[in-house]
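For the sequence shown, the residue numbers in numbering that gives the first Met the number 0 are 0 to 184.
Note sheet for the following structure.
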Amino acid sequence: MTLMEPCCVTAHEDAILRDCTRDDAAVIAAIYNQSIRNGGSTMDTVEKTEADILAQINGFNERETILILEHQGRPLGWGVIKRYSERFGYRFTCETAVYVDRAYLRKGYGTMLKKALIARCRQLGYHHMVAKIFASNQASIDYNQKLGYEIVGTQKQVGFAGGVWQDVVIMQLLLEATETGRGSV
């Protein structure tokens, strides 16, 4: 992955958004592992290490990234943009996800991250954004809807986590056509 120059460094109250660096891998893993332990927001069942996250970052292409939200140098959460599929016809579609340190939930930081991801997706020439959310996670469904996502369906018993079959709601956000969207990437 080639790290981009910060484009989304935005002051909001006392937090900033920035591109991740390889030095963020440990904190990305720590925040993500909270979600793995608590369930309800990821199908991962094995905690990730710093090396796991570095491998993911190193595997990114130029249109994939992780944004970090921090306050006074302390990361509070992160959001990822990743390709939906390696198949060329899907090149204008991406999947996004946001993870916030559990101590900072319901304070608007997830919304800040998601808005920054939407802005970055526009810059990267994406047209279609996908979010996959546990059907039982109504708070996440509601917050995505407030940001313009719509529910397009529910996959029944698509994953097995927490000892039970999980349904996943598929949501989408269509971005306006861009010059990149009309050409080839």
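Just so it is clear, CB atoms sit at the ideal spot from N, CA and C, and this is done for glycine as well.
Beta-bridge partners of residue i, as assigned by DSSP
i    : result
T153 : V168
I80  : T64, T95
R73  : H70
R21  : Partner(s): none; R21 has no beta bridge.
F159 : W164
M128 : C93, L172
Chain-order list of residues whose beta-carbon lies under 6 Å from that of residue i (same chain, five-residue window excluded)
i    : result
T222 : Past the boundaries of the shown model lies residue 222; the chain is included only from 0 to 184, so the question cannot be answered.
Y103 : L75
V97  : G78, G109, L112, K113
I67  : R17, C19, D23, P74, W77
R121 : L174
Contacting residues, own chain, Cβ-Cβ under 7 Å from residue i (five flanking each side not counted)
i    : result
G152 : I169
R21  : L53, I56
N32  : E46, K47
A134 : T153, D166, V167, V168
V194 : Because the chain spans 0 through 184 in this model, residue 194 falls outside it and cannot be assessed.
Reduced DSSP category for residue i - H, G, I as helix; E, B as strand; rest coil
i    : result
C120 : helix
K134 : Just to set this straight, residue 134 is Ala in the shown sequence, not Lys. Looking at A134 - three-state DSSP - the assignment turns out to be coil, as it is neither helix nor strand.
G88  : helix
L16  : strand
N143 : helix
L112 : helix
R101 : helix
S40  : coil
Y31  : helix
E49  : helix
Own chain, CB closer than 8 Å to residue i, minus 5 neighbours either side, in chain order
i    : result
A28  : E46, K47, T48, E49, D51, I52
I35  : T41, D43, T44, V45, E46, K47
L146 : T110, K113, K114, I117, L172
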